[in-house]
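Heads up, the thing below is written out as structure tokens.
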Amino acid sequence: MILDLHAHTDASDDSRASLEGYLKWLQKKRDVVPVDGIVLTEHRQWNPDVDYRSLEDRYEIVILRGAEVETDYGHILLYGVTDAMARRFDFADVHLDAQQVVSEVEAMGGIAAPCHPGRPTIGLCEHYEVKGALEGVRAVEALNGGSRRGENERVEDLMQRHGYKGFGGSDAHLVSLIGICATEFDAEIHDVDDLVRELRDGSYRAVDFREQVRAARA
Amino acid sequence: MPDSLPEIDRSLLGREFERSVSQPITAAQIIRYARACGETDPRYVEEGPDLIATRTFPITLRREKYVPEGIPRDLMYRGMDAGKDVELGAAVRVGDVLTAVGTLHDVYDKTGRTGKLRFLVLRMVVVNQRDEMVAIVDQKMMFR
Amino acid sequence: MSIESPGSGVAKRSFELGDELPSLRLTLAQGEIADFVHAANQAAPRFISDEGARADGLPGQIAPGNMSLAIFSRLLDGIAGAEVRRLSATFRAFVQPRIPLVASGVVTDVENGDGGTLLHCDILLETETGDRLVTGTATLFLPNDT
């Protein structure tokens with residue numbers, strides 16, 4: 001099963017994509033971007049009141065939610081977000097303590113996974129060079145669809161050195177970029193509990209559809 | 219945030235800080251801008267009754283103020299244009315008198331590849347002399 | 363600005379999700395950026411010369427965001443008879459002179475109404491090597507009778 005674990009809708013300040021836009025695109029482009037589901041990871045926010053079940057049914061695409069928060073070790077994706085987590089951490093704060101986020105999100109039943117680790121300033125690699133490693137990180141975003149040349153390549157070494165698992169996400173902010181990088185899981189994932197369980201202990205790998213998207217557009 | 223980024227008074231949000239009224243738009247202005255955009259379409263570059271401005275022309279209006287009072291001007295010189303959202307209405311023609319009204323629409327912080335950033339969203343609403351909406355421009359200015 | 367492969371001005375009347383707009387290839391000259399900013403009331407030193415840009419701590423002369431919007435506007439003119447209703451862009455990286463660029467777009471949704479069709483498009487300005495400099499969206503109205 002393939003999920004795009006990192007996508008932003010227009011609920012995020014810098015995205016111009018609607019959720020339904022993503023779903024229509026994926027439904028039409030399944031031959032090029034064979035993604036079964038997406039995880040919305042809006043920047044610096046958590047809205048407890050949204051329900052996407054009718055859209056899931058209409059488009060037959062799994063829709064899960066997480067968040068992307070900003071910390072002293074760069075940006076971190078949170079999966080299995082609960083209202084308790086959103087009360088414990090001010091998601092709008094751009095100075096969250098990464099160690100607290102990783103440890104406490106895990107203890108509260110979720111998983112915190114640094115994204116685009118190879119980017120300057122907002123990626124884990126640069127912070128590890130000067131501040132040492134965080135404790136309790138299980139997985140990082142090994143493949144990010146919005147990264148520039150050389151940024152994804154830095155992550156391989158990080159994963160080997162610290163034994164991290166790697167997943168992929170498009171980091172889409174535009175409809176036509178959804179699913180260009182994603183994660184293939186060996187297990188089926190139907191809800192966020194499945195996702196957290198598999199990210200913690202399951203078997204998965206980053207998958208890259210960028211070349212086939214380019215070829216299809218050429 | 220770094221000390222070099224002053225706090226922004228949030229009471230400024232939504233308050234009109236400028237109202238600029240243009241001189242009547244001339245054919246020379248329209249054609250010069252169109253040519254600078256590389257246009258060769260006669261609609262945009264040939265003087266006459268059918269001449270209209272290219273769609274992005276209203277974004278370039280000369281204005282009296284670009285930021286509200288209370289935001290240091292030198293801050294604006296350090297800023298970068300991070301993005302724009304533009305809604306376009308009536309086409310601009312020769313003789314139009316355009317009024318641009320500016321408000322501070324939003325202020326927020328985030329972190330990016332170059333470090334900690336503050337964003338100001340400046341909204342400019344442009345109407346013509348018939349009170350038709352010509353453009354609504356949300357400009358995101360980014361400061362380090 | 364001079365465009366090496368201008369869009370063909372497609373007169374197509376029926377669009378569907380995934381349709382590509384005719385792409386543009388262009389390389390901005392230093393003088394073209396300077397001409398643009400003078401015409402656009404935006405003549406800051408960073409847009410005029412390398413020296414002016416370096417004084418602002420930039421690597422060299424850059425094109426203003428409004429020039430990228432103007433490029434997108436040219437790209438959207440590739441659909442004959444369409445009127446741009448909305449244009450949005452995120453400036454992700456500097457657009458600089460002398461670097462070959464490609465502007466491209468793809469239809470992401472189509473809404474048919476009584477008077478015509480709304481086309482929603484994603485639009486990109488990239489280097490020839492695929493670095494995304496500006497990303498955006500546009501909404502075009504295509505009247506029935508054109």
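Protein chains in written order, with our numbering: chain A, 1 to 218; chain E, 219 to 362; chain F, 363 to 508.
The beta carbon of each residue, even a glycine, is placed where N, CA and C say it ideally should be.
In the DSSP output, what is A:E141 paired with across the bridge?
A:F167
Own chain, CB closer than 6 Å to A:Y52, minus 5 neighbours either side, in chain order:
I63
Skipping 5 residues on each side, what residues in its chain have a beta carbon closer than 6 Å to that of A:G123?
G74, H116 and P117
Whole angstroms is fine: what's the gap from A:E135's alpha carbon to A:A112's?
11 Å
Go ahead and label E:P220 buried or exposed: buried means 16 or more other beta carbons lie within 10 angstroms of its beta carbon, across all protein chains shown.
Because the pLDDT of E:P220 is 46, which lies under 50, any placement of that residue in the model is unreliable, and the number read from its coordinates should be weighed accordingly. By the neighbour-count rule (16 or more Cβ atoms within 10 Å), E:P220 is not buried but exposed.
Candidates A:G37, A:H162, A:A98 and A:A142: closest to A:K24 by CA position:
A:G37
When you compare each of E:P286, E:I226 and E:E265 to E:G313 by their alpha carbons, which one comes out closest?
Here the closest residue by C-alpha is E:E265.
Please state whether DSSP places F:R375 in a helix, a strand or coil.
coil
Within the present structure, is the beta-carbon of F:A417 separated from the nearest heavy atom of the ligand SAM by less than 7 Å?
Absence of the ligand SAM is noted for the structure shown, with no ligands found whatsoever.
At a Cβ threshold of 8 Å, is A:D13 touching chain E?
yes
Closer than 7 Å at the beta carbon, the chain A residues around F:E473:
Simply none; closest approach about 11 Å.
Which word fits E:R273, buried or exposed, when buried means at least 16 other C-beta atoms lie within 10 angstroms of its C-beta?
buried
Measuring only between beta-carbons, confirm whether E:K302 sits less than 8 Å from chain A.
no
Could you check what DSSP says for F:F409 in three-state terms: helix, strand or coil?
helix
Classify A:V219 as buried or exposed, calling it buried when 16 or more other Cβ atoms lie within 10 Å of its own Cβ.
Lying outside 1 to 218, the shown extent of chain A, residue 219 of chain A is not represented and no answer is given.
If we cut at 8 Å on Cβ distances, does A:P48 have a partner in chain E?
no
Write down the C-beta distance between A:E60 and A:R44 rounded to the nearest angstrom, noting that I regard them as a contact closer than 8 Å.
About 30 Å; that fails the 8 Å criterion.
Starting from the Cα of A:M85, find the closest Cα among A:H173, A:V102 and A:I189 and give me that residue.
A:V102
Along the segment 485 to 497 of chain F, where does the CB come closer than 7 Å to a CB of chain E? Name the residues.
Along the segment 485 to 497 of chain F, there is no position whose C-beta sits under 7 Å from a C-beta of chain E.
In chain E, which residues lie with their C-beta within 9 Å of the C-beta of F:R460?
None at all; the shortest Cβ gap to chain E is about 16 Å.
Just curious, the alpha helix (DSSP H) that F:H400 is in, first and last residue?
Q392 to A401
Rounded to the nearest angstrom, how far is the Cβ of E:L306 from that of E:A353, given a contact under 8 Å?
Contact flag correct, Cβ pair sits at about 6 Å.
A:R214: buried (16+ other C-beta within 10 angstroms of its C-beta) or exposed?
exposed
Between which two residues does the beta strand (DSSP E) holding E:K302 run?
M298 to L306
Is E:D221 helix, strand or coil when you go by DSSP?
Low per-residue confidence applies at E:D221: pLDDT is 47, beneath 50, and the placement is therefore not dependable, though the value from the model is reported in the following sentence. Reduced to three states, the DSSP call for E:D221 is coil.
Can you look up A:H162 in the DSSP assignment and give me helix, strand or coil?
Judged by DSSP in its simplified three-state form, A:H162 adopts helix.
Where do the ends of the alpha helix (DSSP H) carrying E:A252 lie?
A245 to A254
Suppose contacts are defined by Cβ-Cβ distances below 8 Å. Is F:I424 in contact with F:V457 by that definition?
yes
Using beta-carbon positions only, say whether E:M359 and E:L335 come within less than 8 Å of one another.
no
Cut-off 6 Å between Cβ atoms - residues of its own chain near E:M342, not counting five sequence neighbours on either side
A318, G320 and V355
Quick check on F:T470: buried or exposed, where buried means 16 or more other Cβ atoms within 10 Å of its Cβ?
Counting the other Cβ atoms within 10 Å of the Cβ of F:T470 gives 16 or more, which makes it buried.
Can you check whether the CB of A:I178 is closer than 8 Å to the CB of A:A187?
no
Chain F contact for A:G21 (CB, 8 Å cutoff)
yes
How is E:L338 classed by DSSP in three states: helix, strand or coil?
strand
Environment of F:N506 [buried if 16+ CB atoms lie within 10 Å]
Burial check for F:N506: the Cβ neighbour count within 10 Å stays below 16, so the residue is exposed.
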